[in-house]
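Okay, so here's the structure we're looking at.
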DNA sequence: TATGATTGTAATCGAACGATGACATATATA
DNA sequence: TATATATGTCATCGTTCGATTACAATCATA
């Protein structure tokens, strides 16, 4: 899943927490933060502290990765040329037994 | 590249920035933050603001992803019940020809 | 080697954080 | 349906943030 905003990240944290059957208080305790902090982050708090966010991801066993090998964007490979005439001719031949 | 700490993330940001030939001031301006903020983040500042970090990653075209498909760790399949008595008896029988 | 560019450090200030505690609201369970 | 549990909101406080400015140190270039 691609993370583009604090909301994306918050949703990932909340979904995973629920998957694991934890409540916010339990997660907060594991992180070493307050329950209020967990509420905020899950709701997409942009000014949350990076270190605590990373700790939450670690506790929840959510691997976070950056694609460090990203090359400059290239255009998709061109599609093979399509020979429309050949296709039309083949269809015509099929209709003339 | 797996991100486990603010330092990992800071290094990714710095490496990519250099790849793109930007200086810290230019990146800061693009993010809408101060050069001091960029310096701090690149050096692994744990209390950096999540929203600004995500913005930096976006500016630098670094995709950030979480592995949302990770299943909860499950316990290994239970071992078959071991019949200790049967094993002991078998050993006893072996010792009495 | 001198100079310019870049990165790093320090001080200051207003804003807002995160922790704590309490209460309100929503959801789950018996 | 009543009750327990979980989540959300609000107020307060000490701490630290991020922006700004200035100077120091390091690196790159001519």
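Chains as they are written, first to last, in this note's numbering: chain A, 14 to 110; chain B, 14 to 110. All residues carry an ideal CB built from backbone N, CA and C; glycine is no exception.
(message) If we define contact as Cβ-Cβ less than 7 Å, is residue 77 of chain B a contact residue for chain A?
(response) Taking Cβ atoms only, chain A reaches closer than 7 Å to residue 77 of chain B, which makes this a yes.
(message) For the pair the stretch 22-42 of chain A and the stretch 32-45 of chain B, tell me if three or more CB-CB distances fall below 8 Å.
(response) Taking 8 Å as the limit for Cβ pairs, the verdict is that the stretch 32-45 of chain B does not touch the stretch 22-42 of chain A.
(message) Beta-carbon within less than 8 Å of residue 47 of chain B's beta-carbon, same chain only, minus the 5 sequence neighbours each way: which residues are those?
(response) Excluding residues within five positions, the ones whose Cβ falls inside 8 Å are 41.
(message) Less than 7 Å between CB atoms is the rule here; does residue 5 of chain B satisfy it with respect to chain A?
(response) The structure shown does not extend to residue 5 of chain B, since chain B is modelled only from 14 to 110, so the question has no answer here.
(message) Along the chain, where does the beta strand (DSSP E) containing residue 18 of chain B start, and where does it finish?
(response) Residue 18 of chain B: not part of any beta strand (DSSP E); DSSP gives it neither H nor E.
(message) Quick check on residue 43 of chain A: does DSSP put it in helix, strand or coil?
(response) If DSSP states are grouped into helix, strand and coil, residue 43 of chain A belongs with the helices.
(request) Would you verify that the beta carbon of residue 6 of chain A is, or is not, closer than 7 Å to some beta carbon of chain B? (result) Residue 6 of chain A lies beyond the range of chain A shown here (14 to 110); nothing can be said about it.
(message) Once DSSP output is grouped into helix, strand and coil, what is the label at residue 77 of chain A?
(response) In the structure shown, residue 77 of chain A sits in a strand (DSSP, three-state: E or B).
(request) Would you please state the rounded distance, in angstroms, between the beta carbons of residue 63 of chain B and residue 59 of chain A? I believe it to be under 8 Å. (result) That belief holds up - the Cβ atoms of residue 63 of chain B and residue 59 of chain A are roughly 6 Å apart, short of 8 Å.
(request) Please report the residue range of the alpha helix (DSSP H) in which residue 69 of chain B lies. (result) Segment 63-72, the alpha helix (DSSP H) holding residue 69 of chain B.
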